[in-house]
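J.: My questions all concern the structure below.
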Amino acid sequence: MQPPYSRTLFELLDEQASRRPEAVAAIADAGALSWRALALRARQAAAVLRARGVRRGDRVGLLVNNRLEWLEAAFGAWLLGAVVTPFSTWSTRRELEFLLADSEVRALVALARFVRDDYAAILRELAPQRGVDVLLVEGDGDFPEYAAARAAASPLPT
1302 MQPPYSRTLF
1312 ELLDEQASRR
1322 PEAVAAIADA
1332 GALSWRALAL
1342 RARQAAAVLR
1352 ARGVRRGDRV
1362 GLLVNNRLEW
1372 LEAAFGAWLL
1382 GAVVTPFSTW
1392 STRRELEFLL
1402 ADSEVRALVA
1412 LARFVRDDYA
1422 AILRELAPQR
1432 GVDVLLVEGD
1442 GDFPEYAAAR
1452 AAASPLPT
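Sequential numbering of the sequence shown, starting at 1302, is according to the working numbering.
The structure is reproduced here in structure tokens:
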């Protein structure tokens, strides 16, 4: 196997999608994604983030556990030249308040709920104060649903 020639993480994703398109890139509870599918979803995620105003140098927060959506959104942000800022899914309301203020994220892809926490309710209160655009992995009616927006988006070109 040849060593990768890529200089960025997104170039590495594209390179693997070109070399081994049908090989498994990631596995999660929801299933598996091939390199080609992950690259496509990442380009769609980039289109969604760009449509919501994310640009090079902006920060994109991820409040998502070990799911395929974390990878898609992260690679999408990297394609735009944005900085990925992971948030712990064990964060309390108080910690999220600090993280949103300190991290200066422009957009946040988040779970609506995780174990004991209703993140949608917390973000409904905190996000507008910080000007953070929230996309929920699974919608709750108040915030746009990330998966639906990604699936409907035209992928950014290579």
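Quick reminder that beta carbons are idealized off the backbone N, C-alpha and C, glycines included.
Alpha carbon to alpha carbon, how far is A1422 from L1409?
T.: Counting from one through the sequence shown, the residue named residue 1422 turns up at place 121. Counting from one through the sequence shown, the residue named residue 1409 turns up at place 108. One C-alpha to the other measures close to 14 Å.
J.: Going by DSSP in three states, G1377 sits in which element: helix, strand or coil?
T.: As a working mapping, residue 1377 is identified with position 76 in the sequence shown. If DSSP states are grouped into helix, strand and coil, G1377 belongs with the helices.
J.: Roughly how many whole angstroms lie between the Cα atoms of D1330 and F1415?
T.: Indexing the sequence shown from 1 puts residue 1330 at position 29. Indexing the sequence shown from 1 puts residue 1415 at position 114. Distance between the alpha carbons of D1330 and F1415: 15 Å.
J.: Just checking, does the stretch 1442-1453 make contact with the stretch 1384-1403 on the three C-beta pairs under 8 Å criterion?
T.: Segments in contact, no.
J.: Quick check: the stretch 1335-1353 against the stretch 1364-1376, are there 3 or more CB pairs under 8 Å?
T.: Yes, since at least three Cβ pairs between the stretch 1335-1353 and the stretch 1364-1376 fall closer than 8 Å, the two stretches touch.
J.: Less than 7 Å between C-beta atoms, sequence neighbours within five positions excluded: which residues of the same chain meet that for V1385?
T.: Position 84 of the sequence shown holds residue 1385. Correct list, in chain order: V1361, L1363, A1375, A1378 and W1379.
J.: Look up L1457 in the DSSP assignment and say whether it is helix, strand or coil.
T.: As a working mapping, residue 1457 is identified with position 156 in the sequence shown. Three-state result, L1457: coil.
J.: Determine, using beta carbons only, whether E1439 and A1413 come nearer to each other than 8 Å.
T.: As a first step, residue 1439 is located in the sequence shown; it is residue number 138 there, counting from the start. As a first step, residue 1413 is located in the sequence shown; it is residue number 112 there, counting from the start. Their beta carbons are under 8 Å apart, which means E1439 touches A1413 by this criterion.
J.: Does V1433 come out as helix, strand or coil in the three-state DSSP assignment?
T.: Your numbering for residue 1433 matches position 132 in the sequence shown. V1433 falls in the coil class under three-state DSSP.
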